[in-house]
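Following: one structure in structure tokens, then a few remarks.
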Amino acid sequence: MHATGVTFDNSILAGAVFNDSELNGAKFRHARMDEIVLSKSNMLVTNFSGAEAKNANFSEATLNGANFSHGVFSGANFKNAVLDSSDMRSADLSMTNLKDAVLTDADVSGADFTGAKNLTQEMLLSACVSSSKLPIVDKPLKPTSRACYKTEKEEEQRMVKRFALLVTGQVAVIQGYCKDFEHKFRPADSKLHPQDNERIWFDTDVLGDQRPH
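Just so you know, the sequence shown maps onto residues 0 to 212 in numbering that gives the first Met the number 0.
Here's what the structure looks like:
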């Protein structure tokens, strides 16, 4: 499915199959998504804040900069998913499968990793926190206390990086799509409205509540 920038807020999508889809910058805020299949999909800076996606399949998905804050993802499969610079603040990630997932610079403040499978200390140390709320992890693992940023300038730089990811994710699908981090050409999606094939559906609220200063 080619749905870059599409809004699915508050939708009921339980059991839907969206694997191998283009969903960069899409919004699933407060959606009901239990057991949804999003494996191998491109979802740069996609917003899942407040979503309920228990036992969802995010395996091998590209989720750089995605927003999972305050959502429920217990039992979800994130095997081989790329989650760097994502926002996982206060997300329920209990019983998830995180085998070989990438959590570099992911904000895990207050996230619940109770019972998470294949979560390693190295993965936790690569993540970061932006508040005093440390992630909840099973012993003998220790939660990361590394700050995502220490100054307003560093916070702004983090937001700028996510904005850049959002633009990149939308530009990458103009008359093409992203596969294995490479741009692949394809005919334009719309023959009736060709002007829309080059439109960037840029919406700043996809990032959530945070804004650059």
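Built from N, CA and C at the ideal position, the CB exists for glycine as well. Quick caveat, the model's predicted, so the values are computed rather than measured.
message: Less than 6 Å between C-beta atoms, sequence neighbours within five positions excluded: which residues of the same chain meet that for Glu59?
response: Ser38, Lys39, Asn79
message: Please report the distance separating the alpha-carbon of Asn96 from that of Val136.
response: 14 Å
- prompt: Considering only the beta carbon of each residue, do Leu164 and Thr143 sit closer than 7 Å?
  reply: no
query: Among Gln169, Asn76, Asp86, Glu154, which one has its Cα closest to the Cα of Ile35?
result: Asn76
field: Spatial distance of Ser93 from Leu140 (CA atoms)
entry: 14 Å
task: Measure the C-alpha to C-alpha separation of Ser73 and Glu151 and round it to an integer number of angstroms.
output: Whole-angstrom Cα-Cα distance: 33 Å.
query: Between the beta-carbon of Ala105 and the beta-carbon of Ser130, is there less than 7 Å?
result: No; because the gap between Cβ atoms is not below 7 Å, this pair is not in contact.
message: Please return the same chain residues whose Cβ sits closer than 7 Å to the Cβ of Asn54, not counting the five positions on each side in sequence.
response: Cβ neighbours of Asn54 beyond the five flanking positions: Asp33, Glu34, Gly74, Ala75.
- prompt: According to DSSP, which residues form a beta bridge with Arg31?
  reply: According to DSSP, Arg31 bridges with Ile11, Glu51.
DSSP three-state assignment for Ala163, whether helix, strand or coil: helix
- prompt: Near Ser10, which residues of its chain fall below 7 Å by C-beta distance, leaving aside the five closest residues on each side in sequence?
  reply: Ala30
query: Around the C-beta of Val159, are 16 or more other C-beta atoms found within 10 angstroms, so that it is buried, or is it exposed?
result: exposed
field: Own chain residues within Cβ distance below 6 Å of Asn41, not counting five before or after
entry: Glu21, Asn23, Thr61, Cys177
- request: Spatial neighbours of Val16 within its chain, please: CB distance less than 6 Å, with the 5 preceding and 5 following residues excluded, ordered by chain position.
  value: Val36
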